[in-house]
Amino acid sequence: MSGEAPVWEFAKGEPGFPTQLLDLGGDAPERLFGCGGVELIRDLALDRCVTIVGSRRASSYGLRVAEELGQLLAGAGLVVVSGMARGIDAAAHRGALAGGGETIAVLGGGPDVVYPVGERRLYAEILDSGAVISEAPPGRKPESWSFPVRNRIMAALAAMTVVVEAAQPSGSLITARQALDLSRELGAVPGPVTSRVSEGTNDLIVDGAVPVRGAQDVLDRLLGVGVSHARGVGPALEPELARVAALVERGSANCDAVAAAAAIAPADAAVALARLELLGYVCVDTDGRYGRTTLSPPDY
Amino acid sequence: MLAAARTFALLGVEAREVQVEVHVGPGLPAFSLVGLPDAAVRESRERVRAALVNSGFKFPQQRITANLAPADLRKAGPGFDLAIAAALLVASDQLSPERIERTALAGELALDGSIRPVAGTLAIAEAAGHCGFEAIAVPTANAPEAMLAANAKVIPLARLQELGSLGTDDEPRPPAEPAWSQNGSRPAVPDLADLRGQPFLAYALEVAAAGGHSVLVVGPPGAGKSLAARRLPSILPPLSRPEGLEVLRIASACGRASLIDSPATRPFRAPHHTVSTAGLVGGGSPPRAGEVTLAHRGVLFLDELGEFSREALEALRQPLEEGRVTIVRARHAIELPCRFMLVAASNPCPCGRGVESGECECQPASVRRYRAKLSGALADRIEIAISVGRPTAADMAAAAAVDSAGVRGRVIAARERQERRLGPGRCNGDMTLAELRDACRLQAAAKRMLADGHSRLKLSGRGHDRVLRLSRTIADLDGSGRVSEEHVARALTLRRRGFG
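If you read the protein sequences in the order shown, they are chains A and B. Mapped onto the working numbering, the consecutive letters of the first sequence carry residue numbers 1 to 300. Mapped onto the working numbering, the consecutive letters of the second sequence carry residue numbers 1001 to 1500.
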């Protein structure tokens, strides 16, 4: 499956070749092929980039966080780098696109080979407002070994790598290891201790990775504390709705739980939850359970 | 000598008149039966011979030909025995032709001459009335259901000898008509009060019952999904007499005569997920009613929806949309009614723990396949979806939040509002799009909320219509003519969402 966009290339060390890749030393790619915005690659500064990676089998918590990170970080002017894999990677790219920012997908096959095939639309959008790069020449299909290998490029491109969700073991943890080897910053999004796909990220935090609770933690680390603010601020809430939002935040995941905790009729809890969902404060996961988004009320 | 008796053949849940002609003539003793009989009808010869002899009649040692007309209608089952025996008795001068001239006969013979019950007596009795018979003789056990037809005289027969008394003063008297039990004497159905710690599920069922909407309940094993579904009939309005007769006609034709003892009860059918397509929607040869027809005017409960075969679920589409099943065979087509409420239950994923729980062991591909079934063929017809969790110990100990009687009162009132608007027997669940637009006058705030839902929650066009339909029912439950913002908000929470 090949795209139609023209392919450009840089040889190692040639002007325009991202200099941060030279940190890989002997492992640096000899040539870098790409499609889409060549200017983005040419001017790519290390500390303007953040790599977001994570599990393909993500929970909707992970997808939500990845999308929000992508959106807010891209909105703050950073370039979001990821691998376009299903799950966290795709969510991070989508978020960045939604935030009107720039994003780079590093592929395992040639830059004109859409993989996974199901992400053709995302691929096209990334070409429009970002770039797709790879060390594999145009037309080459990805092999299973090519993904861990391309991970080193993702790790080397950005000043910080954030792992959103990763089981133990996982390809994302390989990327994390490579980021540490290159002395890049490493962040991990904490998750429930009961969740398999958060085992790897929780381990990373225990081992000293920066806990990433939201985009602000990444911005503070990359740009310095207080330099840039990433906050999704929603519309004001009536006290009743604020109370219900707080209950959802504390784990009331369905109408019955909210109704019991707030001592209101379940039908009224349904009304409150629908309003909060419309305002963007809560969302429903694929199991049908309610959860809080990271959107904050104005006076939070 | 030639004689004829009249009986009925069952086709689906309807009865067609069949004439039994018997000719007894000279020749080597033989008994042949023609007119497209199936195996059970052909074996009738042996039963008739033994029953005649054991009832003190003579079996003529001549050439006997019995013909079942019309000859192109396939006849099945043992219900023709009595008519064949009667025609044979007349043809061999052992019974006066006047005895069976204006009376239709239906019954299976035992070898000792007693008469066994047959399926479909209610439909047969109704058809007998329509065909202008003065009376219909039926097995004693089937007499009460035949009485419900009320358009022909019912004569209960226990033994073959009693044929001689037909039309005379010794004729057996008709039994009392079974009591049409109403609210007071309803048989014990499980009560909604048993549902603890899940008032929102109870509310969802209330809305579903009020508007005739289909429901999907998603939750882990032990969350009370099937417990709740089994309590749905207890909050549905009582059956009217014509509706009740439809239900009984089906029950009688399918040999589930025990239902006759409690007319006015809505059926509840819960086929296992291994059910075949024919078992679910009807089929086979001769065509038989499926679970959807047995659930007519009641509830069809599909537990473990994700485990049903894709073909079976696909086959539910026509029944759900049209309220009837058409089974087409080379020679004929039969139509079976099936207006039922669909309640489906499912685990969130094959292992039941839920993809988001962090404990799920399912492969993503198997979760996708599983959920594809939930969002496949049936999705457009399911209006309410609710996710439930396991109730806690405290929930179980708590007092019941609702009981069926209270909910049922509200449901009946809401249905009355709908009937005033849409016409008798109609409900919001079967509104056409034009009726929907007509019936839903939205307050300004409600309109805004719905538009918001359209843009923020990415509701599809159909999703939008489903929310509108649900809002209308919720407003009806509130006794409100206009649909308010609150009604729309509740509908948004109850609506079916995309899964997977």
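Think of the CB as a built atom: it goes at the ideal place given N, C-alpha and C, for glycine as much as any other residue.
Contact between the segment 1213-1230 of chain B and the segment 1108-1128 of chain B is not established, with fewer than three Cβ pairs separated by less than 8 angstroms.
With contact defined as three or more Cβ pairs closer than 8 angstroms, the segment 270-284 of chain A and the segment 1032-1043 of chain B are not in contact.
Residue 63(A) is outside the set of residues whose beta carbon lies under 8 angstroms from a beta carbon in chain B. The beta carbon of residue 35(A) does not come within 8 angstroms of any beta carbon belonging to chain B, so the residue lies off that interface. Taking the beta carbon of residue 202(A) as reference, no residue of chain B falls within 9 angstroms; the closest one sits roughly 11 angstroms away. Here residue 286(A) is buried, its C-beta having at least 16 other C-beta atoms within 10 Å.
Interface annotation, residue 1456(B): in contact with chain A, CB-CB separation under 8 angstroms. At a cut-off of 8 angstroms between beta carbons, residue 1443(B) makes no contact with chain A. With 16 or more other CB atoms across the displayed protein chains lying within 10 angstroms of its CB, residue 256(A) is buried. Proximity to residue 1363(B) across 56(A), 21(A), 75(A) and 190(A) peaks at 56(A), based on C-alpha coordinates. Here the C-alpha atom of residue 1214(B) lies approximately 12 angstroms from the C-alpha atom of residue 1469(B). Between residue 1369(B) and residue 222(A), the alpha-carbon positions lie close to 42 angstroms from each other. Listed in chain order, the non-local C-beta contacts of residue 1355(B) below 8 angstroms within the same chain comprise 1348, 1349, 1362 and 1367, local neighbours out to five positions each way being set aside.
If you check the CB distance, residue 15(A) and residue 41(A) do not come in under 8 angstroms. Residue environment analysis places residue 1130(B) among the exposed positions, since fewer than 16 neighbouring C-beta atoms fall within 10 angstroms of its C-beta. A contact between stretches requires three or more CB pairs, one per stretch, nearer than 8 angstroms, and the segment 1470-1485 of chain B meets this requirement with the segment 1432-1448 of chain B. In this structure, the beta-carbon distance from residue 1084(B) to residue 1066(B) falls below 8 angstroms. Using a C-beta cut-off of 8 angstroms, the segment 1227-1245 of chain B makes contact with the segment 1290-1304 of chain B, since at least three inter-stretch Cβ pairs fall below that distance. For the 8 angstroms CB-CB criterion, residue 1473(B) and residue 1211(B) form a contact. When the five nearest sequence neighbours on each side are left out, the beta carbons in the same chain lying within less than 8 angstroms of the beta carbon of residue 1394(B) are those of 1197, in order along the chain.
Nothing from the segment 1394-1427 of chain B brings a Cβ to less than 7 angstroms from some Cβ of chain A.
For the pair residue 1160(B) and residue 1029(B), the Cα-to-Cα distance works out to about 23 angstroms.
Nearest in C-alpha terms to residue 1330(B), of all of 1285(B), 1075(B), 1311(B) and 1346(B), is 1285(B).
Residue 1433(B): not part of any beta strand (DSSP E); member of the alpha helix (DSSP H) spanning 1433-1439, first to last residue. Residues of chain B whose Cβ lies closer than 7 angstroms to the Cβ of residue 255(A) are, in chain order, 1200 and 1493. For the segment 1343-1362 of chain B, the residues whose beta carbon sits under 7 angstroms from a beta carbon of chain A are, in order, 1348, 1354, 1355, 1356, 1358 and 1359. For the pair residue 1177(B) and residue 1153(B), the CB atoms are not nearer than the 8 angstroms cut-off. In the three-state reduction of the DSSP assignment, residue 1067(B) falls in the strand class, which pools E and B. Residue 212(A) holds the alpha-carbon nearest to the alpha-carbon of residue 190(A) among 212(A), 94(A), 183(A) and 196(A).
Burial is judged here by how many other beta carbons sit within 10 angstroms of a residue's own beta carbon; residue 89(A) has at least 16 and is buried.
The C-beta distance from residue 67(A) to residue 95(A) rounds to 4 angstroms, short enough to fall under 8 angstroms. Per the C-alpha coordinates, the member of 86(A), 164(A) and 237(A) positioned closest to residue 117(A) is 86(A).
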